[in-house]
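There are 2 protein chains.
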Amino acid sequence: MSALQHSHLKDEIARVFGTPAVVIDLDIVEANIARLQAACDSKGVANRPHIKTHKSPELARLQIEAGARGITCQKLGEAEVMADGGIDDILISYNILGEQKLGRLGALQRRVRMIVAADNPVTISGLPQAAAIAGRDLEVVIECDTGRKRAGVETPGEAVELAKLIAASPGLTFAGFLMYPPEDGWERTQVFLDTANAGLRDAGLEAGMVSTGGSPNIPNIGKLKGATEHRAGTSIFNDRMQMAAGVATLDDCALTVYATVVSRAGPERGILDSGSKTLTSDTGGLDGHGLILEYPAARIAKFAEEHGLIDLAASNERPGVGEVVRVVPNHVCVVVNMVDRLVMVRGDRLVGELPVAARGKLG
Amino acid sequence: MSALQHSHLKDEIARVFGTPAVVIDLDIVEANIARLQAACDSKGVANRPHIKTHKSPELARLQIEAGARGITCQKLGEAEVMADGGIDDILISYNILGEQKLGRLGALQRRVRMIVAADNPVTISGLPQAAAIAGRDLEVVIECDTGRKRAGVETPGEAVELAKLIAASPGLTFAGFLMYPPEDGWERTQVFLDTANAGLRDAGLEAGMVSTGGSPNIPNIGKLKGATEHRAGTSIFNDRMQMAAGVATLDDCALTVYATVVSRAGPERGILDSGSKTLTSDTGGLDGHGLILEYPAARIAKFAEEHGLIDLAASNERPGVGEVVRVVPNHVCVVVNMVDRLVMVRGDRLVGELPVAARGKLG
Chain A
3 MSALQHSHLK DEIARVFGTP AVVIDLDIVE ANIARLQAAC DSKGVANRPH IKTHKSPELA
63 RLQIEAGARG ITCQKLGEAE VMADGGIDDI LISYNILGEQ KLGRLGALQR RVRMIVAADN
123 PVTISGLPQA AAIAGRDLEV VIECDTGRKR AGVETPGEAV ELAKLIAASP GLTFAGFLMY
183 PPEDGWERTQ VFLDTANAGL RDAGLEAGMV STGGSPNIPN IGKLKGATEH RAGTSIFNDR
243 MQMAAGVATL DDCALTVYAT VVSRAGPERG ILDSGSKTLT SDTGGLDGHG LILEYPAARI
303 AKFAEEHGLI DLAASNERPG VGEVVRVVPN HVCVVVNMVD RLVMVRGDRL VGELPVAARG
363 KLG
Chain B
3 MSALQHSHLK DEIARVFGTP AVVIDLDIVE ANIARLQAAC DSKGVANRPH IKTHKSPELA
63 RLQIEAGARG ITCQKLGEAE VMADGGIDDI LISYNILGEQ KLGRLGALQR RVRMIVAADN
123 PVTISGLPQA AAIAGRDLEV VIECDTGRKR AGVETPGEAV ELAKLIAASP GLTFAGFLMY
183 PPEDGWERTQ VFLDTANAGL RDAGLEAGMV STGGSPNIPN IGKLKGATEH RAGTSIFNDR
243 MQMAAGVATL DDCALTVYAT VVSRAGPERG ILDSGSKTLT SDTGGLDGHG LILEYPAARI
303 AKFAEEHGLI DLAASNERPG VGEVVRVVPN HVCVVVNMVD RLVMVRGDRL VGELPVAARG
363 KLG
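Those protein sequences? They're chains A and B, same order as listed. If you read the first sequence in our numbering, its first letter stands for residue 3, the second for the next number, and so on. If you read the second sequence in our numbering, its first letter stands for residue 3, the second for the next number, and so on.
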């Protein structure tokens with residue numbers, strides 16, 4: 003895209019929507035969807051993208067049309083919006099607890115194929131309520147932790163015990179294992195899986211689904227012998243974190259925040275109209291809060307809620323007040339979650355708006 | 003509130019809304035509104051609360067009914083919602099730039115009294131467009147920086163030059179100064195103001211409004227000789243940051259996030275269903291990401307998007323899976339901005355829901 007086309011599109015977006023505007027380029031989105039699908043296909047692993055990044059049934063349908071087996075959600079509210087949008091194979095990679103949520107899960111499972119995760123007996127003890135409401139068996143995978151210290155049982159022995167508990171529970175089907183290997187933890191994940199599978203065999207059970215996850219793990223798809231599916235979310239848009247992880251280039255970043263320079267309070271300082279209520283305080287462990295495409299040497303040093311405070315000391319070129327710039331965020335998933343609509347473009351052409359339909363929904 | 007009543011309310015909120023739920027106690031909200039008004043009244047300074055914290059016209063009306071002169075907004079989208087909700091005296095403490103926004107500002111100014119801030123000539127050069135649309139003069143205050151290094155001119159000389167520019171611009175009225183003194187910067191703010199006022203006098207101008215700001219500055223209201231108004235936002239709800247600043251106690255915290263313990267992945271670890279998409283990554287410079295009322299020795303150590311990772315090592319009491327807990331967030335303003343609705347209670351009684359009407363609006 004030439005600088006001139008660029009400038010034309012910035013003017014148009016500022017005129018039509020104002021700034022800050024969260025903008026996705028559909029050409030890049032489609033290329034990113036195709037690349038993830040090809041990565042899965044080449045390894046014979048099913049693609050089950052995580053929709054927490056885009057929260058849009060329209061984009062989920064593009065992923066399914068490209069070949070995805072189903073989708074992954076992180077909460078019921080997201081799954082409800084996706085089912086309403088026509089998606090019929092949904093994994094919720096999360097412990098679902100409490101009567102209110104079990105009722106909603108049962109209602110969903112009546113309409114579409116639902117798979118849920120569990121890492122403890124309390125969660126498992128509630129799930130038969132959902133199956134009873136659905137009137138058919140609910141598939142449950144055991145979440146396993148192989149080093150991230152997030153959710154998940156920490157030993158293969160616990161995984162096998164929970165698998166047996168699921169198999170013995172009315173209305174539940176043991177479906178397999180949900181893994182989220184650290185990028186450097188695939189060998190120990192293999193040991194965990196092999197040990198757990200041996201335990202399953204002794205119990206007369208089998209893991210039909212073995213799901214791995216993570217966009218930084220896309221190069222590792224297929225490394226885990228026995229894996230059947232992969233969940234990647236961020237790769238549909240990419241961001242500075244994915245660039246830092248070496249799995250995306252700037253050309254793969256589909257989402258940018260269009261922001262206006264609202265103040266040049268000092269010679270070496272500037273202020274964007276995008277602060278922690280737009281770009282969020284998620285640093286993702288990186289220095290600075292985003293990459294300003296037009297001023298790559300500028301550093302978004304700090305946020306107020308509606309101010310992005312730019313340090314221009316290292317930047318020879320400096321923007322004037324009123325100038326619109328584009329920012330690649332550190333972590334795109336949380337930025338999408340801040341807005342009700344994304345602006346869609348294709349290259350230098352404005353296409354329209356896309357609702358972030360699954361944002362702000364009940365847990 | 004006794005532990006028993008407490009537990010009853012937690013069950014009811016989990017059953018009706020599910021978790022995470024962002025809950026405000028109206029008894030505490032009303033007490034906080036009254037306390038801010040009394041602090042302003044006792045110093046003869048008008049109260050112009052900042053609605054960025056609650057984003058609710060209903061709560062803004064409570065503030066006006068308690069005696070506030072008007073409100074402060076940080077962006078046009080907020081002001082539009084507030085004007086629709088019946089608020090007729092609105093300061094936007096922000097540089098408004100670009101044709102789209104100037105058109106919206108003019109349309110607002112036709113309906114209600116609008117005052118806007120500026121800290122540079124480019125902003126001032128655009129504002130007559132809004133006044134022309136409104137068909138009447140627009141009041142403009144100069145934003146002054148006395149140490150925060152955010153927006154604002156850095157010298158009294160610049161402030162006077164901009165005041166003259168405003169006075170010479172068609173359709174604009176110079177209305178005064180917008181200050182946001184650092185909590186330890188009131189003396190130099192006084193020097194700035196006195197010097198600027200002397201410059202104004204030489205130019206035949208006068209600052210009708212001198213606005214100070216900040217909830218941590220509530221104890222400092224009245225310290226600035228010549229101040230006419232104060233803007234405080236967070237004090238309507240309070241949070242861990244306000245407690246750390248010594249301007250609120252736990253009893254003054256009106257907002258808590260009701261969260262469910264969804265996993266006890268290890269003996270010293272737990273996981274809440276509230277991560278960076280609920281509590282946000284704003285630390286406010288504090289250790290940990292919130293205070294769990296039931297387990298004050300537990301530390302919310304880290305977030306995934308929908309996981310709050312709790313370190314229980316220092317906590318003798320430890321929650322079980324499925325237990326609902328209440329979290330006082332570090333920074334309440336950004337938490338409110340994550341949800342479309344707040345749940346309202348009074349003491350141990352569920353009252354209903356309140357839309358966060360000005361969330362997610364156009365810049």
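Backbone N, C-alpha and C define an ideal beta-carbon position, used for all residues, glycine too. Since the model is a prediction, treat every value here as computed from it, not as a measurement.
At a CB-CB cut-off below 9 Å, which residues of chain B make contact with residue i?
i	result
A315/A	What A315/A touches in chain B: nothing, since even the nearest Cβ is about 13 Å away.
V341/A	G362
I294/A	Ordered by position in chain B, no residue passes the 9 Å Cβ test against I294/A, which lies about 17 Å from the chain.
Please tell me whether residue i has its Cβ less than 8 Å away from any Cβ of chain A.
i	result
D204/B	no
V327/B	no
E355/B	no
L311/B	yes
V338/B	no
A200/B	no
K57/B	no
D91/B	no
K54/B	yes
D147/B	yes
Using 8 Å as the threshold, is the C-beta distance between residue i and residue j below it?
i	j	result
R242/A	P331/A	yes
I273/A	L314/A	no
G79/A	R63/A	no
T21/A	A300/A	no
L164/A	I126/A	yes
F239/A	I26/A	yes
D275/A	G365/B	yes
D2/A	A132/A	No statement about residue 2/A is possible, as the shown extent of chain A runs from 3 to 365 and does not include it.
L1/B	L129/B	Outside the displayed span of chain B (3 to 365) sits residue 1/B, for which this structure offers no information.
A405/A	V83/A	Missing from the structure shown is residue 405/A; chain A here goes from 3 to 365 and no further.
S237/A	S213/A	no
T55/B	C335/B	yes
V124/A	A177/A	no
G108/A	I135/A	yes
V24/A	V345/A	yes
Which residue comes first and which comes last in the alpha helix (DSSP H) that contains residue i?
i	result
F194/B	188-204
V83/B	78-86
V334/A	334-338
R271/A	R271/A -> not in any alpha helix (DSSP H); beta strand (DSSP E) instead, spanning 271-274.
E101/A	101-113
R37/A	28-45
K304/B	Element bounds for K304/B: not the alpha helix (DSSP H) but the beta strand (DSSP E), 301-305.
L61/B	59-67
Return no unless some Cβ of chain E is closer than 8 Å to the Cβ of residue i.
i	result
I220/A	Among the protein chains of the structure shown, namely A and B, there is no chain E.
At a CB-CB cut-off below 8 Å, which residues of chain A make contact with residue i?
i	result
P172/B	Those do not exist, as P172/B stays about 19 Å from chain A at its closest Cβ, beyond 8 Å.
V264/B	Y96, N97, L99, T125, A153
Q76/B	E307, E308
Could you tell me which chain B residues have their CB closer than 7 Å to the CB of residue i, listed as they occur along the chain?
i	result
P22/A	G365
D275/A	G365
Return no unless some Cβ of chain B is closer than 8 Å to the Cβ of residue i.
i	result
T282/A	yes
V143/A	no
E156/A	yes
S278/A	yes
R301/A	no
M3/A	Unreliable positioning characterises M3/A in this predicted model, as indicated by a pLDDT of 45, which lies under 50. The coordinate reading is nonetheless provided below. Chain B, which has no Cβ nearer than 8 Å to the Cβ of M3/A, makes this no.
R320/A	no
Counting only Cβ pairs nearer than 8 Å, list the residues of chain B close to residue i.
i	result
S44/A	The contacting residues do not exist; S44/A stays about 28 Å from chain B at best.
V271/A	Checking the sequence, you will find Arg at residue 271/A rather than Val. Simply K151.
Which bits of chain A does residue i rub up against, with CB to CB less than 7 Å?
i	result
N122/B	S265, R266, V323
C335/B	E307
T102/B	The identity of residue 102/B in the sequence shown is Gln, whereas the question assumes Thr. Within chain A, the residues near Q102/B are A16, R17, G20.
Over what stretch of residues does the beta strand (DSSP E) that includes residue i continue unbroken?
i	result
E231/A	231-233
C146/A	140-146
For this session: Examine the Cβ distances between the stretch 147-160 of chain B and the stretch 174-192 of chain B and report whether three or more of them are shorter than 8 Å.
Result: yes
Problem set entry | Touching by the beta-carbon criterion (3+ pairs, under 8 Å), the stretch 194-214 of chain B and the stretch 154-164 of chain B | yes
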